[in-house]
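As structure tokens, then:
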């Protein structure tokens, strides 16, 4: 069992948001074609794939204007995002993939987004340190490295989504 976190633990930390990712529906091209994914009947027969620890379907449906028209809880639930992506890669359904974990699959054309909408995640990655603690040279070097790597990734994501005609909303 994991120790429970006391609220005072977070009070001793200061955080800096590093980035947010983009969530978008993903499936194989064959699955999208077989399901006839079109705006007018987009999810009539689609099998949704879910990650138990992160559920972005509701936010995506709201942003896409499907709120209340689709049961966001229907489908198969996995306990890990990588299992959801594996199921989508196997042609088992549509997953909301993020632009970190699914990027290489999207870039390679193994997963496609049958809809032209991505939603910037409500969640984010943060870098934390003790409040008032100065940074060591190693910590500063790490922070500079990770910020540069994330910026490079963000540019690649923006270029890929633009090339695919996917709009991103907050």
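Numbering (the numbering used here), first residue to last: 5 to 174.
For each residue, glycine too, the CB sits at the ideal point set by N, CA and C.
Small disclaimer: the values here were computed from a predicted structure and weren't measured.
Check, Outcome
"Distance CB(residue 50)-CB(residue 97) smaller than 9 Å", "yes"
"The stretch 23 to 35 in contact with the stretch 87 to 106 per 3-pair CB rule at 8 Å", "yes"
"contact_flag[the stretch 118 to 135, the stretch 49 to 67] where n(CB pairs < 8 Å) is 3 or more", "yes"
"Sub-9 Å separation of residue 74 and residue 54 beta-carbons", "no"
"Test item: CB-CB of residue 3 and residue 165 under 9 Å", "Given a span of 5 to 174 for the chain in the structure shown, any question on residue 3 remains unanswerable."
"For residue 80, the three-state DSSP class (helix, strand or coil)", "strand"
"Under 9 Å between C-beta atoms of residue 162 and residue 113", "no"
"Neighbourhood of residue 174 by C-beta, 7 Å cutoff - its chain only, sequence neighbours within 5 removed", "124"
"Boundaries (first-last residue) of the beta strand (DSSP E) holding residue 134", "129 to 134"
"Assigned secondary structure, residue 126 (DSSP; H/G/I helix, E/B strand, else coil)", "coil"
"Residue 153 versus residue 110 - alpha carbon distance", "19 Å"
"Beta-carbon proximity of residue 115 to residue 30, cut-off 9 Å", "yes"
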